[in-house]
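**Student:** If you're matching them up, the sequences are chains V and F in order.
Per my numbering, residue 5 is the first one in the first sequence, and the count goes up by one each step.
Per my numbering, residue 2 is the first one in the second sequence, and the count goes up by one each step.
For each residue, glycine too, the CB sits at the ideal point set by N, CA and C.
Keep in mind that this is a model prediction, so the values were computed, not measured.
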Amino acid sequence: KAGVTQTPRYLIKTRGQQVTLSCSPISGHRSVSWYQQTPGQGLQFLFEYFSETQRNKGNFPGRFSGRQFSNSRSEMNVSTLELGDSALYLCASRLLNTGELFFGEGSRLTVL
Amino acid sequence: QQQVKQSPQSLIVQKGGIPIINCAYENTAFDYFPWYQQFPGKGPALLIAIRPDVSEKKEGRFTISFNKSAKQFSLHIMDSQPGDSATYFCAASRETSGSRLTFGEGTQLTVNP
């Protein structure tokens, strides 16, 4: 069974630009969540989607948004990039009624 | 109230040693406590998890000890191996919070041969 797939794996942007990251969950997993990982703040929850609806949202500004498609694939978007947005963005999927999150390898974003 | 505090930040042990990583939480509504292991360049992977109705859970060489009254839990790695060298994260969540985990700061474990 294929794991969680994230694309792109690495990208470099400049301040003010926007970025879209993509995530394909494990087949059969309908819940997709996103996390930001930085050395200073650690792993922080961004949001969770299920059945194309945002189910939960972390404490991030409105520049961070996401969506989920009918095939459970998800995208997250960050607009008006800031230097502090440089991070590893992790996507995770899970089966409902289980606690285990399956993480992808992440998309490493560098903002110059 | 949402914080999970983890210690130590880094830990070095010899092969065969028993590293212990500790976590403390504040929110008594948390009812699910997983530990994740992360290797460089990879996403975190679930190692073991516990719910507050038990005080200990063992899976292979990994054991979680849970103290509900103290709001603390810890990970013990028996007979540690160099391949266990990784970053370990404790986390906590509420069943009603879905995939929203509150993570500790992480512990970088090095097991020397």
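Out of curiosity, what's the CA-to-CA distance linking T11 of chain V and A71 of chain F?
**Tutor:** Cα to Cα, the separation comes out at about 42 Å.
**Student:** Taking only the alpha-carbon atoms, compute the straight-line gap between N101 of chain V and G46 of chain V and give it to the nearest angstrom.
**Tutor:** Cα to Cα, the separation comes out at about 26 Å.
**Student:** Starting from N60 of chain V, find everything on chain F with Cβ-Cβ shorter than 9 Å and list it in chain order.
**Tutor:** Residues of chain F passing the Cβ test: S98, G99, S100, R101.
**Student:** In chain F, which residues lie less than 8 Å from A96 of chain V when you measure between Cβ atoms?
**Tutor:** Here the neighbours are G44, S100.
**Student:** With distances taken Cα to Cα, identify the nearest neighbour of L47 of chain F among F:E57, F:P35, F:V55, F:F40.
**Tutor:** Residue F:P35 is the option with its Cα nearest to L47 of chain F.
**Student:** Taking the continuous beta strand (DSSP E) assigned at S37 of chain V, which residues delimit it?
**Tutor:** Element bounds for S37 of chain V: 35-42.
**Student:** Less than 8 Å between the CB atoms is what I'm expecting for T84 of chain V and R67 of chain V, so what's the real figure, rounded?
**Tutor:** Yes, T84 of chain V and R67 of chain V are in contact; Cβ-Cβ is about 6 Å, under 8 Å.
**Student:** Is the CB-CB distance between S76 of chain V and P29 of chain V below 7 Å?
**Tutor:** The answer is yes: Cβ separation under 7 Å.
**Student:** Curious, which full-length beta strand (DSSP E) runs of at least 3 residues does the stretch 50-77 of chain F contain?
**Tutor:** Runs found: 57-60, 63-68.
**Student:** Could you tell me the alpha carbon to alpha carbon distance between Q109 of chain F and Q10 of chain F, rounded to whole angstroms?
**Tutor:** Going from the Cα of Q109 of chain F to the Cα of Q10 of chain F covers about 6 Å.
**Student:** Step through the CB atoms of chain F and report whether any lies within less than 7 Å of the CB of S26 of chain V.
**Tutor:** Not an interface residue.
**Student:** Report yes if the CB atom of Q41 of chain V is closer than 7 Å to the CB atom of L92 of chain V, and no otherwise.
**Tutor:** Closer than 7 Å, so yes.
**Student:** Start and end of the beta strand (DSSP E) containing L102 of chain F?
**Tutor:** Unbroken run through L102 of chain F: none, as it is neither H nor E.
**Student:** Assign R101 of chain F to one of two classes, buried (16 or more other C-beta atoms within 10 Å of its C-beta) or exposed (fewer than that).
**Tutor:** So R101 of chain F counts as buried.
**Student:** Which of the three DSSP states is assigned to P41 of chain F in this structure?
**Tutor:** P41 of chain F: coil per DSSP, three-state reduction.
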